[in-house]
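The numbering used here puts the sequence shown at residues 1 to 284. C-beta atoms are modelled at their ideal positions from N, C-alpha and C, and glycine is treated no differently. Values in this document were obtained by computation on a predicted structure and should not be read as measured data. Notes follow the structure.
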Amino acid sequence: MKEQIETLQQQLQKQEKLASLGMLSAGIAHEIQNPLNFVINFSKMSTKLLSDLTEIVESNEDRLPEDDREEVEDIVADLKENMARIVEHGERAISIIQGILLVSRGKDNEFLPTDVCKLVREYVWLSYHAMRANYKNFNISIHEDYQEGIPKMMVIPQDLSRAVLNVMNNACYAVWHKSLSGLKDYQPKICVSVSTVPVPLRPTSPVPEELVITIADNGEGMTDDVKERLFENFFTTKPVGQGTGLGMSITRDIIENKHEGRITFESTCGSGTTFTFTIPIKKK
1 MKEQIETLQQ
11 QLQKQEKLAS
21 LGMLSAGIAH
31 EIQNPLNFVI
41 NFSKMSTKLL
51 SDLTEIVESN
61 EDRLPEDDRE
71 EVEDIVADLK
81 ENMARIVEHG
91 ERAISIIQGI
101 LLVSRGKDNE
111 FLPTDVCKLV
121 REYVWLSYHA
131 MRANYKNFNI
141 SIHEDYQEGI
151 PKMMVIPQDL
161 SRAVLNVMNN
171 ACYAVWHKSL
181 SGLKDYQPKI
191 CVSVSTVPVP
201 LRPTSPVPEE
211 LVITIADNGE
221 GMTDDVKERL
231 FENFFTTKPV
241 GQGTGLGMSI
251 TRDIIENKHE
261 GRITFESTCG
271 SGTTFTFTIP
281 IKKK
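In structure tokens form, the structure reads like this:
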């Protein structure tokens, strides 16, 4: 009992730190967004100026030697391409920041219209980069399949993102740990997909479609004992200090209780694990 109390105290301290970190992240994200907006806007303005310059060069092409004219055209083309890349990556950074702000500002259990494909993609890569920062030589291939045209649906974004992050973190750890075994020709891989499936209308599911999020890895897989205890509070297979033992129980609560969905998994020891979230689609 004493050990359980000490463990619970440690978990509460971690939760307090995470809450503070969330507030700090929101502040940092807000401050970064402003200079990014300037970068994007000035890039677009520079692109317009380059177009004006091109028109001037074309109207005076008879005054320029052919070699100089071709060189100017090549330089202008390169500059336009560079500006387009700055805008593209700047807008992607803005998108990530907006996702962080959405999650940090959301109220407890507040359903908001959310682009789920975008949310899943951002947190899949957030997990990947976090692992890269914490584990030397961590490198995997991630295969993504996001169905086009999925409308925004009502979810609790800060909770759904946590569920995705929990499962993705476990998948990354599983493939990384397996890679340490030195298996010949082993290529760590994680496959992520988001799609919708039609469901028959019935009293228990009065919606015509369900959202399906799948995260599959070719990592270590789970033993029968781990499968049975997977959703127990404080149960973890990770070393002390690397796992809280709360991630999967929280994830099940998010999917099954808060979103009235289902969480299922298939796992073969030594071959890998697949988790599936199935959530009724509630459109805004």
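Coil, strand or helix - residue i by DSSP
i	result
Ser339	Residue 339 is absent from the structure shown; the chain starts at 1 and stops at 284.
Cys269	coil
Met83	helix
Met153	strand
Asp115	coil
Ile140	coil
Phe231	coil
Asp185	coil
Tyr173	helix
Thr223	coil
Asn166	helix
Pro65	coil
Leu180	coil
Glu110	coil
Asn60	coil
Spatial neighbours of residue i in its chain, beta-carbon cut-off 8 Å, leaving aside the 5 residues before and after
i	result
Leu165	Tyr123, Leu126 and Ser127
Glu256	Arg262 and Ile263
Leu64	Val57 and Val72
Cys117	Tyr146, Gln147, Ile150 and Val194
Under 7 Å between C-beta atoms of residue i and residue j
i	j	result
Ile215	Met168	yes
Ile156	Leu211	no
Lys258	Asp159	yes
Ser51	Val87	no
Ala163	Thr251	yes
Asp225	Gly272	no
Val194	Ile140	no
Ala93	Leu36	yes
Cut-off 6 Å between Cβ atoms - residues of its own chain near residue i, not counting five sequence neighbours on either side
i	result
Leu230	Met248
Lys178	Gly219 and Glu220
Asn60	none
Val39	Gly90
Gly270	Gly221
Thr268	Gly221
Met131	Phe138 and Cys172
Pro188	Ile140, Val175 and Ser179
Strand pairing of residue i, partner residues [DSSP]
i	result
Glu210	Val197 and Pro280
Arg262	Thr278
Val192	Glu144 and Ile215
Inter-residue CB distance, residue i and residue j (contact presumed, cutoff 8 Å)
i	j	result
Thr274	Glu266	5 Å
Val197	Val120	The Cβ separation is near 16 Å, so there is no contact.
Thr47	Val76	About 10 Å separates the two Cβ atoms, so there is no contact after all.
Ile142	Ile190	5 Å
Contacts around residue i, its chain only, beta-carbon distance under 7 Å, and the 5 residues preceding and following it disregarded
i	result
Gly149	none
Asp78	none
Asn109	Ile156 and Lys258
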